[in-house]
Amino acid sequence: MIFQRLRIISGGQSGVDRAALDFALSYGIQCGGWCPTGRLAEDGIIPDKYPLKESITSNYEERSKLNVRDSDGTIIIYENEMDKGTKLTLDIATGMSKPLMTINLHDEQTYVEGQIREWLSKYKISVLNVAGPRESSSPGIYRLTTKFLEKLQIEN
């Protein structure tokens, strides 16, 4: 169970963020993170079931900075191309010199599970920021991310 000793944080946006939080909640994994003030997301107000703290601004960039800052490392999950917001998170993590792993689900190989385990161990990750595109930028990414995370959890 690769994620059992981790705390997963995310920004609560539709798509990858929400998939990571739903995954954590369904497997009893600690979770949280920062979201924009007002709990804003593209699909409306982020439900209260997600234990997120509100930043002082409605700016998505600020939320992303806080989640990168408060994590030990960030995994970016996407399919094919990164959208603008996902690239921003990549730039923030790089700028803060934080451990970063990118996973293109389009190119996913079976060896990725071992790479993730090694990466988590190498950087002593205990708080993991999971980021990626919103659902409108990458239709189906919520489902693909959930399937990917569940596969990792079950096989490890």
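For the sequence shown, my numbering assigns the number 105 to the initial residue and increments by one for each residue that follows.
For glycine and all other residues, C-beta sits at the position ideal for the given N, C-alpha and C.
It should be emphasised that the depicted structure is a prediction, and the values quoted were computed from it without experimental measurement.
Under 8 Å Cβ to Cβ from residue i, same chain only, skipping five residues before and after it: list those, please.
i, result
"residue 260", "Its pLDDT being 48, under 50, residue 260 is placed unreliably in this model, and the value from its coordinates should be taken loosely. Contacts found: 105, 106, 217 and 221."
"residue 208", "182, 183 and 184"
"residue 219", "205"
Just how far apart, CA to CA, sit residue i and residue j?
i, j, result
"residue 198", "residue 114", "17 Å"
"residue 157", "residue 196", "19 Å"
"residue 147", "residue 224", "32 Å"
"residue 126", "residue 164", "20 Å"
"residue 245", "residue 238", "8 Å"
"residue 204", "residue 128", "20 Å"
"residue 178", "residue 118", "18 Å"
"residue 190", "residue 236", "5 Å"
"residue 253", "residue 131", "11 Å"
"residue 152", "residue 141", "13 Å"
"residue 233", "residue 192", "14 Å"
"residue 68", "residue 251", "In this structure the chain extends from 105 to 260, so residue 68 is not present and cannot be described."
"residue 229", "residue 247", "25 Å"
Could you tell me the boundaries of the beta strand (DSSP E) in which residue i lies?
i, result
"residue 164", "First-last for residue 164: 164-173, but that is the alpha helix (DSSP H), not the beta strand (DSSP E)."
"residue 182", "177-182"
Keeping to the same chain, check which residues put their C-beta closer than 7 Å to that of residue i; ignore five residues upstream and five downstream.
i, result
"residue 200", "172 and 173"
"residue 144", "162"
"residue 210", "183 and 184"
With a threshold of 6 Å on Cβ separation, who are the neighbours of residue i within its own chain once the five nearest residues in sequence on each side are excluded?
i, result
"residue 138", "157, 159, 167, 170 and 171"
"residue 249", "120, 123 and 181"
"residue 135", "112, 125 and 128"
"residue 227", "177 and 203"
"residue 150", "116, 139 and 143"
"residue 242", "183"
Less than 9 Å between CB atoms is the rule here; does residue i satisfy it with respect to chain C?
i, result
"residue 140", "Protein chains in the displayed structure number just one, and chain C is not present."
Runs of beta strand (DSSP E) wholly within the region 105-141 (minimum 3 residues, chain order): 111-113 and 134-136
In chain order, which continuous runs of the beta strand (DSSP E) of length 3 or greater are located wholly inside the region 187-242? Segments of the beta strand (DSSP E) lying fully in the region 187-242: 204-208 and 231-235.
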